[in-house]
Structures are given as structure tokens and as C-alpha cells.
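Everything on this sheet refers to the single structure shown next.
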Amino acid sequence: RLPVVQTLTLTISGQADTATLARDTGAQAVAQQGSTLTLGLPGSAGLAAPAANVLAWLAGRGHEVSHLASNRANLEDVFLALTGRQLRD
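The numbering used here runs 2 ahead of the 1-based position in the sequence shown.
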């Protein structure tokens, strides 16, 4: 797997199938808590195409997106994507 270089945080309606979202879009470390969906996007080709894929996937399943934010991944994001575990304090 490529390391996560961007994180995408969205506020969505409903509960997304995070495993299918990850499989279908190539997103990593996909998690949802309440209406907040967070995922990592691998690669260095930019954010537009992967974000568009995620938005199209969500829209195709009837999810409304009311907020979208992106950030460059930090060390914790990369660790989570590679290991599936959170860093400990």
C-alpha cells in the first residue's frame, strides 16, 4: 500500500459502509464516528481525483455531504494507515 499523504474529513448523512468505501475508492484508514467520516488518501497525484471518487461513491449511495475538509497526513495518520492501530500517548 502507498502511504497516506492526505486525510479527508467529511460530515455525512447516514452510516457509510466503510469497508466497501475503502475497497471501491482505494481510501485507507476509513473510520466513521457519528456523522464524521475520516479517511486517508494515498499517493502524491493530488487530492481532486481521489476526493471526487469518494464524493461520487457517497452520492451514489444516497449520502448527503454537508462539510468537507482536507489536511496533509501527519505521522499518526501514516502509522494508522500502515498498522490499523492508533498511537499511544
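A virtual CB, placed ideally from N, CA and C, is assigned to each residue, including glycine. Keep in mind the model is a prediction, meaning the values are calculated, not measured.
| C-beta contact flag for residue 67 and residue 77 at 8 Å | Result no, Cβ atoms of residue 67 and residue 77 do not sit closer than 8 Å.
| message | Once DSSP output is grouped into helix, strand and coil, what is the label at residue 76? | response | DSSP places residue 76 in coil when its eight states are reduced to three.
| request: Go ahead and pull the three-state DSSP assignment for residue 62. | output: Correct three-state label for residue 62: helix.
| query | How close, in whole Å, do the beta carbons of residue 9 and residue 72 come, if the pair is a contact with beta carbons under 8 Å? | reply | Right, the Cβ-Cβ distance comes to about 7 Å (below 8 Å), so this counts as a contact.
| Are residue 17 and residue 24 close, meaning C-beta to C-beta below 8 Å? | In this structure, the beta-carbon distance from residue 17 to residue 24 does not fall below 8 Å.
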